[in-house]
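Colleague: Handing you this structure, nothing more for now.
Residue numbers (our numbering), protein chains in the order written: chain A, 803 to 1182; chain B, 803 to 1182.
Okay, structure coming up:
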């Protein structure tokens, strides 16, 4: 695998100019870029700029509507239901989370649910918005069907991440993970890097473990009628597959069922139609339990106790959730972000499509080793 | 392994009379019994009458205070913080969930958090209380430290179940699971049945997979300074161990951190002191999203789609969460409940302690094969 190192500001400029090129305002382009860049800075490369091609293709074929504005269709002091009208997921979600934050400040807690949106990037971006204001943030989203649930060989559920953030020192508790063993983006990365998947990450159309990333992506993208990624807990109830399946259900119910939107198995992959993605944003103001500062201190002590536990291997540190991401952020801000050559090729394609000079952003690079075209297959 | 079949009403009478014998009122004894019996009827034998010995020992040594009354120490229209004053977990929790239900009916959603309680049985009993009234119910609890988190060999977190219930037809979505691969109760059952554990369920004091239930229970009960049960996702991040660890954290934060109570690693196992268990009860009224009946119908359709998915093995049905429990309930109400002979021995001990004639409830049984004494070890 070969990759090229770019500074954060280089990628930021590329993203901003690209989204302006797609028709978004500068302010909107900055918001979208901020979500993508945080993923790269946090080291979650499956959800960073490697996903630009997904947004490029979705906007190009009309699945993401650039001029759509989110609309509140139902509201109470503790809730809102938002119709995204097939706009850009990141913009709808920042709008929705801001409403949840305001309502939680007023009412103590709030639940905003969204239908008819599109892919929103890392769920943890939105929980961080709440956490940065001293609040507990929770977010879930559904996606196209990718999870093969217990005893099934057909994907019905999505990757359905569950994200949770809560203020603490020296860094917050920040958890964000797909309820599948690995997210689809990991398969895309492995496919780009031509690496075999681990055993028991995914199954083929017969429900048997499959390590061929390209084949599983064919299954997920609907070219093969079944197969997909396993839930956390794997293939058998003995190891807890029904638990991963259950966490995925919780994620799904909180977004698509509460919003009256499309469940993962009713996502659209038809050119010109919005995906119908649903999201949830839940905010809890810790002051509804008394002294918010005391709660933060209590959590900070507990997180330290977890990090200080006896190690299985003295050489391997024990992390609390969100710690690796903060370390990654500091490192990548200094040292830049490695971008896979196949992603660079996709970025060049995008620049060409938009009439931007790719060398201005990416330099003059050799992309002869790039693996291209994964995303051209997913729309009918 | 040998076991004896008892009717539901036989066990109900035994439990009620025993808890009255321990000093609870008839109404209180009925509430506690209802929680225990639902676990047995649902087929969750780790949390049913096999746990009577735990309550017996805790009451006997003063860790559970029979006359304690839960107290609301902080309150808002959407929340309450309750101090359980070391009372019986089931009574405190029914009290707390009823407050959450009333507040959610008034305010749309509510979060009641509890500290200084004791073991509360199955988390899903309380979510069912909300669900039976057309509401979404969520509950978590912590416990003594039993989970060895990623890269650690020392248990800090508890079994920390996460339960979620939401109304649907013909039966609700009802999820209740420890965030460990298996709960501690499963180890107790395997120990009573002298069966080896599955690989990657638990680790010994060196952080290596261990299949000896008795040894792992020694680790958990503090006689060996480390070792414990693994999170869902197992031993490595590659298979998602950090996700199970994360779900356990969410469960922990929602109860002990919000309530200002003891985290799992500060649970007491000292005779005469309450365990300090914490619980959370969250209720969401679906009408805050519009038409609650339409939401219920939407979920019912989705659950049926999951059950109708293509099967990995045609002979093995696909279940949605809570379905097996309803089937078990119907079967066990008719056919009775099998009680392990070691549990029967514990019940006889309890009757003798209380001056009750055990043959009145359990008949004249041969307990010479019973394995006894597991619980005598856990208190210092």
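Note that the Cβ used here is the ideal one computed from N, Cα and C, for glycine as well.
Looking only at its own chain, which residues have a Cβ that is under 6 Å from the Cβ of residue 1051 of chain B, when we skip the five neighbours before and after it?
Modeller: Here the question's residue 1051 of chain B lines up with position 249 in the second chain. None.
Colleague: Shorter than 8 Å from the beta carbon of residue 1071 of chain A to some beta carbon of chain B?
Modeller: Indexing the first chain from 1 puts residue 1071 of chain A at position 269. No, residue 1071 of chain A does not count as interfacial toward chain B.
Colleague: Along the chain, which unbroken stretches of the beta strand (DSSP E) at least 3 residues long are found entirely within the region 1042-1109 of chain B?
Modeller: You should have 1079-1086.
Colleague: Using the beta-carbon count (16 or more within 10 Å), is residue 1096 of chain B buried or exposed?
Modeller: Here residue 1096 of chain B refers to the residue found at position 294 when the second chain is read from its first residue. Result: exposed.
Colleague: Let me make sure I understand the geometry here. Which of B:1036, B:909 and B:926 has the alpha-carbon closest to that of residue 758 of chain B?
Modeller: Only positions 803 to 1182 of chain B appear in the structure, and residue 758 of chain B is not among them; the question remains open.
Colleague: Measuring alpha carbon to alpha carbon, tell me which of A:931, A:930, A:888 and A:1098 ends up nearest residue 916 of chain A.
Modeller: Taking the first residue of the first chain as 1, we reach residue 916 of chain A at position 114. Of the listed residues, the one whose Cα sits closest to residue 916 of chain A is A:888.
Colleague: To the nearest angstrom, how far is the alpha carbon of residue 854 of chain A from that of residue 908 of chain B?
Modeller: Counting from one through the first chain, the residue named residue 854 of chain A turns up at place 52. Counting from one through the second chain, the residue named residue 908 of chain B turns up at place 106. Approximately 45 Å between the Cα atoms of the pair.
Colleague: With 8 Å as the threshold, decide whether the Cβ of residue 973 of chain A is near any Cβ in chain B.
Modeller: In the first chain, the residue the question calls residue 973 of chain A occupies position 171. No, residue 973 of chain A lies away from the interface with chain B (no Cβ there is under 8 Å from its Cβ).
Colleague: Counting only Cβ pairs nearer than 7 Å, list the residues of chain B close to residue 1065 of chain A.
Modeller: What you label residue 1065 of chain A is simply residue 263 of the first chain in a count that begins at 1. Correct list: 1104.
Colleague: Does residue 881 of chain A have its Cβ less than 8 Å from a Cβ in chain B?
Modeller: If you number the first chain from 1, residue 881 of chain A lands on position 79. Output row for residue 881 of chain A: interface = yes.
Colleague: Apart from the five residues just before and just after residue 991 of chain A, which ones in its own chain have a Cβ nearer than 8 Å to its Cβ?
Modeller: If you number the first chain from 1, residue 991 of chain A lands on position 189. 847, 848, 852 and 1142.
Colleague: Give me the DSSP bridge partner(s) of residue 915 of chain A.
Modeller: On the first chain, position 113 is the one that residue 915 of chain A refers to. According to DSSP, which records beta bridges pairwise, residue 915 of chain A is partnered with A:883 and A:1082.
Colleague: Terminal residues of the continuous alpha helix (DSSP H) containing residue 968 of chain A?
Modeller: Here residue 968 of chain A corresponds to residue number 166 of the first chain, with the count starting at 1. Segment 964-968 is the beta strand (DSSP E) holding residue 968 of chain A; no alpha helix (DSSP H) there.
Colleague: Closer than 7 Å, Cβ to Cβ, to anything on chain A: give me those residues from the region 909-943 of chain B, in chain order.
Modeller: Listed in sequence order: 909, 910, 911, 913 and 915.
Colleague: So the candidates are B:910, B:994 and B:827; which of them puts its Cα closest to the Cα of residue 1146 of chain B?
Modeller: The sequence position of residue 1146 of chain B within the second chain is 344, counting from 1. Measuring from the Cα of residue 1146 of chain B, the nearest candidate turns out to be B:994.
Colleague: What are the residues of the region 943-960 of chain B that lie near chain A, defined by any Cβ-Cβ distance shorter than 9 Å?
Modeller: Residues passing the 9 Å Cβ filter: 950, 951, 952, 953, 954, 955, 956, 957, 958 and 959.
Colleague: How is the alpha helix (DSSP H) around residue 909 of chain B delimited, first residue to last?
Modeller: Reading the second chain from its first residue, position 107 is the one you call residue 909 of chain B. Run containing residue 909 of chain B: 891-909, per the alpha helix (DSSP H) assignment.
Colleague: Below 6 Å CB to CB, which residues in the same chain sit around residue 912 of chain A once its five sequence neighbours on both sides are set aside?
Modeller: Start at 1 with the first residue of the first chain, and residue 912 of chain A comes out as number 110. Taken in chain order, the residues that qualify are 880, 902, 905, 906 and 1085.
Colleague: Short check: CB of residue 1018 of chain B to CB of residue 1032 of chain B, under 8 Å?
Modeller: Working through the second chain from its first residue, we reach residue 1018 of chain B at position 216. Working through the second chain from its first residue, we reach residue 1032 of chain B at position 230. Their beta carbons are not under 8 Å apart, which means residue 1018 of chain B does not touch residue 1032 of chain B by this criterion.
Colleague: Can you check which of these residues, B:981, B:1015 and B:948, is closest to residue 941 of chain B by C-alpha distance?
Modeller: Within the second chain, residue 941 of chain B is the residue found at index 139, counting from 1. With distances taken between Cα atoms, residue 941 of chain B lies closest to B:981.
Colleague: Taking the continuous alpha helix (DSSP H) assigned at residue 819 of chain B, which residues delimit it?
Modeller: Indexing the second chain from 1 puts residue 819 of chain B at position 17. Element bounds for residue 819 of chain B: 810-823.
Colleague: Using a C-beta to C-beta distance shorter than 9 Å, which residues of chain B count as neighbours of residue 985 of chain A?
Modeller: Counting from one through the first chain, the residue named residue 985 of chain A turns up at place 183. Those do not exist, as residue 985 of chain A stays about 11 Å from chain B at its closest Cβ, beyond 9 Å.
Colleague: Answer yes or no: do residue 1125 of chain A and residue 844 of chain A have a C-beta to C-beta separation smaller than 8 Å?
Modeller: By 1-based counting over the first chain, the position of residue 1125 of chain A is 323. By 1-based counting over the first chain, the position of residue 844 of chain A is 42. Their beta carbons are not under 8 Å apart, which means residue 1125 of chain A does not touch residue 844 of chain A by this criterion.
Colleague: Where does residue 1168 of chain A sit, in a helix, a strand or coil, going by DSSP?
Modeller: As a first step, residue 1168 of chain A is located in the first chain; it is residue number 366 there, counting from the start. Residue state, collapsed to three classes: coil.
Colleague: Restricting to Cα atoms, I'd like to know which of A:812, A:864, A:841 and A:814 is closest to residue 824 of chain A.
Modeller: Taking the first residue of the first chain as position 1, residue 824 of chain A is located at position 22. It is A:864 whose Cα lies nearest to the Cα of residue 824 of chain A.
Colleague: State yes or no: is the C-beta of residue 960 of chain A within less than 8 Å of the C-beta of residue 921 of chain A?
Modeller: By 1-based counting over the first chain, the position of residue 960 of chain A is 158. By 1-based counting over the first chain, the position of residue 921 of chain A is 119. No, the pair does not count as a contact, with Cβ atoms beyond the cut-off.
Colleague: Quick check on residue 943 of chain A: does DSSP put it in helix, strand or coil?
Modeller: Locating residue 943 of chain A in the first chain gives position 141, counting from the first residue. Of the three classes helix, strand and coil, the one that applies to residue 943 of chain A here is strand, per DSSP.
Colleague: Name, please, each residue of chain A whose Cβ falls closer than 9 Å to the Cβ of residue 1013 of chain B.
Modeller: Along the second chain, read from residue 1 onward, the residue named residue 1013 of chain B stands at position 211. Within chain A, no residue comes near residue 1013 of chain B; the closest Cβ sits about 13 Å away, beyond 9 Å.
Colleague: Quick check: residue 1108 of chain B and residue 1090 of chain B, are their CB atoms within less than 8 Å of each other?
Modeller: Residue 1108 of chain B sits at position 306 when you count from the first residue of the second chain. Residue 1090 of chain B sits at position 288 when you count from the first residue of the second chain. No, they are not a contact pair.
Colleague: Strictly under 8 Å for the Cβ-Cβ distance: is residue 1060 of chain B near chain A by that measure?
Modeller: Within the second chain, residue 1060 of chain B is the residue found at index 258, counting from 1. Yes - at least one Cβ of chain A is within 8 Å of the one on residue 1060 of chain B.
Colleague: Using the beta-carbon count (16 or more within 10 Å), is residue 972 of chain A buried or exposed?
Modeller: In the first chain, the residue the question calls residue 972 of chain A occupies position 170. Flag for residue 972 of chain A reads exposed.
Colleague: Nearest-angstrom Cα distance between residue 875 of chain B and residue 894 of chain B?
Modeller: On the second chain, position 73 is the one that residue 875 of chain B refers to. On the second chain, position 92 is the one that residue 894 of chain B refers to. One C-alpha to the other measures close to 14 Å.
Colleague: Using DSSP with H/G/I as helix, E/B as strand and the rest coil, what is residue 956 of chain B?
Modeller: One-based indexing of the second chain puts residue 956 of chain B at position 154. Strand.
Colleague: Mind the definition here: the region 1144-1162 of chain B touches the region 812-821 of chain B only if three or more C-beta pairs lie below 8 Å; say whether that holds.
Modeller: Yes, since at least three Cβ pairs between the region 1144-1162 of chain B and the region 812-821 of chain B fall closer than 8 Å, the two stretches touch.
Colleague: For residue 995 of chain A, which three-state DSSP category applies?
Modeller: Along the first chain, read from residue 1 onward, the residue named residue 995 of chain A stands at position 193. In the structure shown, residue 995 of chain A sits in coil (DSSP, three-state: anything other than H, G, I, E or B).
Colleague: Comparing the C-beta of residue 1149 of chain A with each C-beta of chain B, is any distance below 8 Å?
Modeller: On the first chain, residue 1149 of chain A is found 347 positions in, with the first residue counted as 1. Cβ-Cβ to chain B under 8 Å: no for residue 1149 of chain A.
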